[in-house]
Amino acid sequence: MSEKTTRNISFDLLRILACLMVLTMHAQPTVSNPNGIVLSVSSYATAPCIGLFFMISGALRLSRPISSYRQFFVGIIHKIIYPVLLWNLLYGIISTITLEKSWLEWSTYHFLFELNNPTLWFIFPLLGLYLLTPILQSWVHSSNRIHQQYYLILWGITLCLPWFKDYIPIEEGPRSAFYYFSGYIGYFLLGYYIHHYSADLTRYSLIAIFLAWLIPTIIKVTNIQINFYETFWYLSIFVAFQCIFWMQLANHSTIVKKMMQYQPIVQRLSQLTFGVYLVHWLFIVFIRSYLSVHTTGTPFIFVYLGATIFSLIGSFLLSYLLSKFRRLRFIIGL
Numbered sequence: 017m018s019e020k021t022t023r024n025i026s027f028d029l030l031r032i033l034a035c036l037m038v039l040t041m042h043a044q045p046t047v048s049n050p051n052g053i054v055l056s057v058s059s060y061a062t063a064p065c066i067g068l069f070f071m072i073s074g075a076l077r078l079s080r081p082i083s084s085y086r087q088f089f090v091g092i093i094h095k096i097i098y099p100v101l102l103w104n105l106l107y108g109i110i111s112t113i114t115l116e117k118s119w120l121e122w123s124t125y126h127f128l129f130e131l132n133n134p135t136l137w138f139i140f141p142l143l144g145l146y147l148l149t150p151i152l153q154s155w156v157h158s159s160n161r162i163h164q165q166y167y168l169i170l171w172g173i174t175l176c177l178p179w180f181k182d183y184i185p186i187e188e189g190p191r192s193a194f195y196y197f198s199g200y201i202g203y204f205l206l207g208y209y210i211h212h213y214s215a216d217l218t219r220y221s222l223i224a225i226f227l228a229w230l231i232p233t234i235i236k237v238t239n240i241q242i243n244f245y246e247t248f249w250y251l252s253i254f255v256a257f258q259c260i261f262w263m264q265l266a267n268h269s270t271i272v273k274k275m276m277q278y279q280p281i282v283q284r285l286s287q288l289t290f291g292v293y294l295v296h297w298l299f300i301v302f303i304r305s306y307l308s309v310h311t312t313g314t315p316f317i318f319v320y321l322g323a324t325i326f327s328l329i330g331s332f333l334l335s336y337l338l339s340k341f342r343r344l345r346f347i348i349g350l
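Those letters in the sequence shown? Residues 17 to 350, per this note's numbering, in order.
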C-alpha cells in the first residue's frame, strides 16, 4: 500500500525480504526424493516471513496518528478485505473447475464459504490486530520504554513454553495465564519497539541471530527429538530472534544509504508485494501440479531453485501487469 507520508526504505526492504521468504517457502516442490537438509534449512530460514509482516504493520500502524477512524477502517476494507475476498473466490472457482465438479450440485458452492488458498490464513490475525490498532496505539503512546519491555519479556516467555510441556503441566488456550500476552500481537508491538529504539539494539540482534541458528544446529547434531513446528516455527523464540536481526539489518545506516540509490526500484517492488502475496498461489499450484511431474531425475536442489525463480518472476510480473490497469489495481491492494 502507498503511504502519504515520507516512505521509510527500511520497511520497503523488509516487505521485499518477507515476500521473498514466503515464495521460497511455498515453492518447495512435491517430489519423491526431497532433500531433507535443504527443506529443513530453507523452511527455518524463511519462517521469519510472517513475523516480519506483523512487525512492519505494527511499526507503521502504531506510529501513525489516526485522524479519522472512519477513513482508517474504510482503508482496511478497500485495501485488504476486498482484494482478499476476490482472490479467495477466484481460487475457489479455479479449484472447482480443476476438480471438474458439477455446478448443478449445491455442495460445489461450499467454496464460497471456505478458505480456498491456505496461504491467506495470515490475513485474518492481521486484520484482528488492525481492528485493535486504535487501542494498542493509545497504550504505546501513553506507556514508556520500560512498560513496553515488560510486555515483550512476558511475550518472549510464552514463546518458550512449548519446551516444557512434556515436563510441566502447562495450561493452554483461554485458561492459560499467558493467553492474552501470546500470539502475533507480540510481533506487532515488537515491530513498533524496534522501530523506535533500534539504535540501542544492534549488538543484541547479532546475539539473537547467533542463538537462532546455534541452538537448532546443536539439537540437530545431537539428534534430540523435538516437535519442530512448536519449537522452531512462527511463534517460537528462535524465529523471533531472526526477525529482530532482519529488522535491525534493514535499519543499518550502510544498507539504507546503499538502497537509497535504488529507491524508485525498491519502492516499486515493495508496493507490489501484497499483490505478489495474493497471486503467487497460482504459480505454486501450477508447479505442484505440472512442473514437478516433468522433473523426475533432476536433483532436488535444482528443481527447488527453478520452482522458486519461476514463482518469483511470475508473481511479480503478474502483479506488475495488474498494477498498470487502473480498473484492476484494486484487486492487488493498490
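Just so you know, even glycine gets a beta-carbon here, dropped at the ideal spot from N, CA and C. Everything numeric in this text was worked out from a predicted model, so none of it was measured.
>> Tell me the residue span of the alpha helix (DSSP H) that contains Q87.
In response: 85-92
> I think A75 touches Y208, with their Cβ atoms under 8 angstroms apart; what is that distance to the nearest whole Å?
Replying inline: 5 angstroms
>> If the criterion is Cβ atoms closer than 8 angstroms, does the pair Q264 and R23 meet it?
In response: no
>> Only counting the same chain, and skipping five residues up and downstream in sequence, which positions put a Cβ closer than 8 angstroms to that of L337?
In response: There are no such residues.
>> Which same chain residues end up closer than 8 angstroms to I82 when comparing Cβ atoms and leaving out the 5 residues on each side of it in sequence?
In response: Closer than 8 angstroms at the Cβ level, and outside the excluded window around I82, lie F88, T149, P150, Q153.
>> Please state the DSSP three-state secondary structure of I139.
In response: helix
>> Mapping the DSSP letters down to three states, classify A224 as helix, strand or coil.
In response: Secondary structure of A224 (DSSP, three-state): helix.
> With 16 other CB atoms within 10 Å as the buried threshold, where does F244 fall?
Replying inline: exposed
> In chain order, what residues of the same chain lie with their CB nearer than 7 angstroms to the CB of P232, ignoring the 5 residues before and after it?
Replying inline: Y60, F248, F254
>> Helix, strand or coil for E19? Go by DSSP, reduced to three states.
In response: With a pLDDT of 41 at E19, under the threshold of 50, the modelled position of that residue is not reliable, and no figure is offered here.
>> On the criterion of 16 or more Cβ atoms from any shown chain inside 10 Å, does H211 qualify as buried, or is it exposed?
In response: buried
> K117 to L106, Cα distance in whole Å?
Replying inline: 15 angstroms
>> Please classify R343 as buried or exposed, where buried requires at least 16 other C-beta atoms within 10 Å of its C-beta.
In response: That one is exposed.
> Near L205, which residues of its chain fall below 8 angstroms by C-beta distance, leaving aside the five closest residues on each side in sequence?
Replying inline: G74, L78, L152, V156, Q164, Y167, L168, W171
> If we count Cβ pairs, one from each stretch, closer than 8 angstroms, do we get three or more for the stretch 126-133 versus the stretch 94-106?
Replying inline: yes
> Whose CA, out of Q277, K274, L227, Q287, lies closest to the CA of F261?
Replying inline: L227
>> Helix, strand or coil for T174? Go by DSSP, reduced to three states.
In response: helix
>> On the criterion of 16 or more Cβ atoms from any shown chain inside 10 Å, does G67 qualify as buried, or is it exposed?
In response: buried
> If you drop the 5 nearest sequence neighbours on each side, which residues of the same chain put their C-beta closer than 7 angstroms to that of S335?
Replying inline: Same-chain partners within the cutoff: L288, G291, V292, V295, I348.
> Just how far apart, CA to CA, sit L175 and E121?
Replying inline: So the alpha carbons of these two residues sit roughly 45 angstroms apart.
>> By the three-class DSSP mapping on this structure, what secondary structure does N104 have?
In response: helix
> What does a CB cutoff of less than 8 angstroms around I303 pick up in its chain, not counting 5 residues either side in sequence?
Replying inline: A43, P45, A323, F326, S327
> So E246 is in the alpha helix (DSSP H); what residue range does that whole segment cover?
Replying inline: 244-247
> For F197 versus A224, is the C-beta spacing smaller than 8 angstroms?
Replying inline: no
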